[in-house]
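Have a look at the structure below, then the notes.
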Amino acid sequence: MKNIMKDKDDNYWMKKALILARKAASQNEVPVGAIIVKDNQLLSKAFNLKEKLQTPLAHAEVIAIHRASRKLKSWRLEDCTLYVTLEPCPMCCGVILQSRIKKVIFSTPDPKGGAASSLFNLLNDTRLNHQVEVIQGPLKEQSSLLLKKFFRKLRERKIKTIYSK
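Residues 27 to 191 (the working numbering) are what the sequence shown spells out, left to right.
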């Protein structure tokens with residue numbers, strides 16, 4: 027008998043990551059959200075907290091990986107998928123590789139900092155001891171628009187600050 031309950035798909039999980047990205051934006055953080063899923067179940071979630079925590083380590087991916095590792099009581103996340111709204115940077119790709127995540131799905135590329143396909147292809151570098159399946163594109167337009175709006179508002183605030191002095 028076929029299971030009538032369909033597995034949650036990539037768009038379902040990416041929508042959850044976008045909700046987190048919007049929460050980041052509402053707290054004046056770069057709007058990036060990350061979700062880690064194992065066996066089609068939510069394992070951890072996070073959004074950027076660099077401004078709040080005042081550390082360059084507080085990327086959504088790093089926080090989500092840390093939380094997933096603590097929950098599983100293991101640094102090995104071999105059967106996990108990471109959903110993230112923006113292509114991971116070199117630092118995050120390093121953490122992804124170290125954690126042995128199986129698959130990364132991201133919404134929109136980062137032409138100025140992406141290390142999963144745009145500037146580098148760290149997650150599939152065969153010189154390394156682990157490679158990661160990478161898929162890009164689910165909800166690309168929504169994620170891209172969120173980032174564009176955030177940075178437009180940021181520039182407008184900076185201009186207002188300059189002219190109000």
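Even glycine gets a Cβ: it sits at the ideal position worked out from N, Cα and C.
The model shown is predicted, which means the values in this text are computed figures rather than measured ones.
- Under the Cβ criterion (8 Å, minimum of three pairs), the stretch 107–117 counts as touching the stretch 78–94.
- Q162 places its beta carbon less than 8 Å from that of S143.
- Here the C-alpha atom of E104 lies approximately 12 Å from the C-alpha atom of V130.
- Minimum Cα-Cα distance from R102 among the listed residues S52, A51, V121 corresponds to V121.
- Scanning its chain for C-beta atoms nearer than 7 Å, with the 5 sequence neighbours on each side dropped, one finds around K34 the residues N66, in chain order.
- The three-state reading of DSSP puts V160 in strand, counting E and B together.
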